[in-house]
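In the order they appear, the protein sequences are chains P and L. Each residue of the first sequence is one higher than the last, beginning at 1 in the UniProt record's numbering. Each residue of the second sequence is one higher than the last, beginning at 1 in the UniProt record's numbering. We put the beta carbon where it would ideally sit given N, CA and C, even for glycine. Computed from a prediction, not measured in an experiment: that's the story for all the values here.
Protein chains: 2
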Amino acid sequence: MVDGPDAPVRVAVVGTGLIGGSVLLRLHAAGLDVTGWDPDEATRRQARSAGVPTAERMVDAVAGRDVVFLGGPLPTLPATLVEVAAATGEHCLLTDVGSTKAELASFALARGLTHRFVPGHPMAGTDRAGLGAAVPELFAGAAWVLCPAPAGLAAFRRLAALVTEVFAARVVPMAADRHDAVVALASHVPHLLAGALAGAAERSPLRDAVLTLAAGSFRDGSRVAGTPPQRTANMLRGNRDEVLAALAGVTAFLDELAGALRAGDADALTARYAEAGAARAALAGRSYHEQLRSFPAGGRATDEVAWLCGVGAAGGHLSGCRVDADGVAYIAHLPHPG
Amino acid sequence: MVDGPDAPVRVAVVGTGLIGGSVLLRLHAAGLDVTGWDPDEATRRQARSAGVPTAERMVDAVAGRDVVFLGGPLPTLPATLVEVAAATGEHCLLTDVGSTKAELASFALARGLTHRFVPGHPMAGTDRAGLGAAVPELFAGAAWVLCPAPAGLAAFRRLAALVTEVFAARVVPMAADRHDAVVALASHVPHLLAGALAGAAERSPLRDAVLTLAAGSFRDGSRVAGTPPQRTANMLRGNRDEVLAALAGVTAFLDELAGALRAGDADALTARYAEAGAARAALAGRSYHEQLRSFPAGGRATDEVAWLCGVGAAGGHLSGCRVDADGVAYIAHLPHPG
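Laid out in structure tokens, this is it:
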């Protein structure tokens with residue numbers, strides 16, 4: 001239910017790099033009324049020459065819009081949120097596409113924006129950057145975290161509908177702090193490991209031969225070390241404490257593997273790899289069952305938020321959200337245990 | 001120059017799992033006279049039903065052959081080498097496809113087999129196992145290490161010709177101990193990192209949500225943790241000291257990254273990622289120049305071995321080898337510096 005009964009939804013995207021740009025391209029391809037803006041003049045020119053509607057000033061891009069997606073480098077998002085909130089009406093929903101959520105969620109709370117700002121994180125990307133790397137289908141089938149809160153539940157519902165319908169993404173409802181703990185392990189620590197692997201190879205006296213014999217394991221394991229350094233550094237710094245905590249879990253497991261290897265303990269080594277392999281098997285072979293769930297209009301917001309967060313914690317996601325005068329109906333997909 | 005002047009080369013493959021099986025399938029597809037054998041009766045039956053020539057007994061597979069490829073689990077290779085050597089004539093070349101080389105090279109030296117055994121390591125694979133996962137094109141374009149030694153230079157030349165011609169692989173000449181140090185970083189440590197990442201996720205209280213939000217970085221970084229555990233354990237144990245030494249280099253870099261993150265030092269973090277990114281750029285964008293090099297018949301074997309090992313150390317490879325009465329001619333490809 002993207003469109004209201006009277007008028008189609010009008011959208012803006014502020015910050016049109018890889019992620020914001022892909023959001024913009026998809027909204028445009030879907031036929032929505034959308035305008036983009038980026039602080040970088042060359043990016044705006046690039047968008048215009050690609051035939052994508054782009055404003056010259058941020059205020060012109062967001063004026064009169066119903067939904068604004070906030071992109072751009074992570075450290076810039078608080079300031080962008082304040083500026084766009086000031087340039088838009090109270091009815092206008094705001095969401096961001098940053099890779100960490102707790103800090104911005106707290107910031108929005110302090111600024112009294114929770115009723116119309118929904119922290120978001122589309123889990124897709126490439127190791128390239130900028131609008132030139134953006135593609136409209138980037139989010140199809142990808143996880144897209146949206147953080148529900150009782151005060152912003154109406155905004156959450158409208159965004160969940162938009163993201164499932166227009167982007168064909170799997171909406172994962174999750175509290176902001178939980179999100180940050182999860183992505184620390186699901187995304188940020190892998191960037192640390194990739195950096196350490198590629199960095200050690202770069203420094204090795206055997207570098208040239210190592211690159212020649214780089215097996216699939218090395219290529220895959222170091223891939224995200226090719227991401228623009230500044231972007232990776234911003235991402236890690238934006239989630240520092242959670243990343244360091246998750247890293248401790250990974251290095252503890254690594255110590256067990258190395259200890260078993262050092263001791264020549266084949267059984268222990270095999271057992272640890274069997275344990276690790278279980279995660280891979282779950283990743284490859286997960287099956288889901290569908291659950292339809294409705295909440296009546298005027299029901300308790302905390303009940304709905306609790307159910308939504310339970311879906312995310314269980315490894316589930318939403319594929320649809322319909323809002324009408326009677327309330328809201330979600331289509332959820334929950335993994336079978338295992 | 002695979003075939004001699006009189007008769008086509010006759011080949012056998014002993015141990016026809018993923019790697020040996022792919023060798024067998026490629027030799028068969030190339031029209032060579034090849035017979036396979038595996039100690040597992042079901043594997044032999046599977047090969048027969050696929051129309052691949054397979055003997056019921058190892059001695060029948062290798063009798064009268066010019067070249068035998070030795071496959072199977074790493075710990076079984078010394079015994080296989082001894083058995084196949086006893087069942088074949090002095091003219092018969094032997095090579096293996098195991099993932100570590102120094103131990104088997106020393107074993108062959110002690111058994112007086114250096115003149116006809118060339119340690120080998122085709123650097124290709126999948127996270128599946130067995131003949132059912134084997135494909136004939138597995139090695140096309142892949143690095144295939146062969147270890148040259150003065151006493152086994154004639155054998156090395158013939159194998160280099162066979163591997164470049166039939167498998168379209170890039171032959172990387174490298175001493176056995178150097179190979180093990182290189183693959184420790186290029187393949188084995190990535191398996192440790194992948195195991196640690198997947199294992200930590202499996203143990204995490206956030207496991208289900210982590211798997212749902214698993215980004216490309218997590219999927220790629222943990223991929224080889226899905227490899228059969230026993231195989232990974234064998235591989236690591238077969239190269240223990242080199243793996244632990246290479247791991248120390250990686251954890252040192254990881255400590256630097258974590259230290260910069262903990263200190264909130266954005267410049268240091270970005271600088272480390274720029275360093276890591278240089279290895280990725282070199283991996284993606286290497287260019288090579290071709291070098292033709294001949295060695296006359298009766299020349300000094302140590303000169304030829306030194307040149308060959310220099311090609312491997314520089315990150316180069318061979319794409320051809322021609323032997324005739326005048327000597328040997330190699331086509332080498334050497335990376336441009338950078």
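Contact check, residue i vs residue j, beta carbons under 9 Å
{"i": "L:C147", "j": "L:P122", "result": "no"}
{"i": "P:G21", "j": "P:G130", "result": "yes"}
{"i": "P:R158", "j": "P:L93", "result": "yes"}
{"i": "L:A297", "j": "L:D326", "result": "yes"}
{"i": "P:G64", "j": "P:G89", "result": "yes"}
{"i": "P:M235", "j": "L:A209", "result": "no"}
{"i": "P:L153", "j": "P:V9", "result": "no"}
{"i": "P:T54", "j": "P:D38", "result": "yes"}
{"i": "L:A151", "j": "L:A105", "result": "no"}
{"i": "P:A47", "j": "P:L24", "result": "yes"}
{"i": "L:L213", "j": "P:P190", "result": "no"}
{"i": "P:D124", "j": "L:S217", "result": "Per the sequence presented here, residue 124 of chain P reads as Ala, with Asp not at that position. In this structure, L:S217 does not lie closer than 9 Å to P:A124 by Cβ."}
{"i": "L:G15", "j": "L:T100", "result": "no"}
{"i": "P:A336", "j": "P:E290", "result": "According to the sequence displayed, residue 336 of chain P carries His and not Ala. No."}
C-beta neighbour in chain L for residue i, strict 9 Å
{"i": "P:L192", "result": "yes"}
{"i": "P:Y330", "result": "no"}
{"i": "P:V118", "result": "no"}
{"i": "P:V172", "result": "yes"}
{"i": "P:R203", "result": "yes"}
{"i": "P:T100", "result": "no"}
{"i": "P:L213", "result": "yes"}
{"i": "P:H115", "result": "no"}
{"i": "P:A271", "result": "yes"}
{"i": "P:E256", "result": "yes"}
{"i": "P:P148", "result": "no"}
{"i": "P:Q291", "result": "no"}
{"i": "P:P78", "result": "no"}
Cβ of residue i within 9 Å of any chain P Cβ
{"i": "L:A252", "result": "yes"}
{"i": "L:T95", "result": "no"}
{"i": "L:R219", "result": "yes"}
{"i": "L:D208", "result": "yes"}
{"i": "L:S222", "result": "yes"}
{"i": "L:H91", "result": "no"}
{"i": "L:G20", "result": "no"}
{"i": "L:G125", "result": "yes"}
{"i": "L:M1", "result": "For L:M1, the predicted structure reports a pLDDT of 43, less than 50, and the residue's modelled location is therefore unreliable. The matter cannot be settled from this model."}
{"i": "L:L24", "result": "no"}
{"i": "L:R44", "result": "no"}
{"i": "residue 401 of chain L", "result": "Because chain L is modelled from 1 through 338, residue 401 of chain L falls outside the range shown and cannot be assessed."}
{"i": "L:G36", "result": "no"}
{"i": "L:V305", "result": "no"}
{"i": "L:V182", "result": "yes"}
Extent of the continuous alpha helix (DSSP H) to which residue i belongs
{"i": "L:P337", "result": "Careful: L:P337 lies outside any alpha helix (DSSP H) and carries neither H nor E."}
{"i": "L:G21", "result": "18 to 29"}
{"i": "L:G98", "result": "It is not in any alpha helix (DSSP H) - L:G98 carries neither H nor E in the DSSP assignment."}
{"i": "P:H179", "result": "176 to 183"}
{"i": "P:P229", "result": "229 to 237"}
{"i": "P:F69", "result": "No alpha helix (DSSP H) holds P:F69; the beta strand (DSSP E) holding it covers 67 to 70."}
{"i": "P:L247", "result": "240 to 262"}
{"i": "L:G216", "result": "216 to 222"}
{"i": "L:G277", "result": "266 to 284"}
Straight-line Cα distance separating residue j from residue i
{"i": "P:D60", "j": "P:V11", "result": "12 Å"}
{"i": "P:S264", "j": "L:A142", "result": "Before going on, a small fix: residue 264 of chain P reads as Gly here, not Ser. If you take the alpha carbons of P:G264 and L:A142, they lie about 31 Å apart."}
{"i": "L:T114", "j": "L:L70", "result": "15 Å"}
{"i": "L:A301", "j": "L:I331", "result": "18 Å"}
{"i": "P:R262", "j": "L:L244", "result": "8 Å"}
DSSP beta-bridge partners of residue i
{"i": "P:F117", "result": "P:L94"}
{"i": "L:D33", "result": "L:R10"}
{"i": "P:T54", "result": "P:G36"}
{"i": "P:G112", "result": "Answer is none; P:G112 lacks a bridge partner."}
{"i": "P:P136", "result": "For P:P136, which the question treats as bridged, DSSP gives no partner whatsoever."}
{"i": "L:V328", "result": "L:F295, L:V323"}
{"i": "P:P122", "result": "P:W144"}
Run of the beta strand (DSSP E) containing residue i, from where it starts to where it stops
{"i": "L:C321", "result": "317 to 324"}
{"i": "L:H289", "result": "288 to 296"}
{"i": "L:P190", "result": "Run containing L:P190: none in the beta strand (DSSP E); it sits in the alpha helix (DSSP H), 189 to 203."}
{"i": "L:R44", "result": "Here L:R44 belongs to no beta strand (DSSP E); instead the alpha helix (DSSP H) covers 41 to 49."}
{"i": "P:V145", "result": "143 to 146"}
{"i": "P:R170", "result": "170 to 173"}
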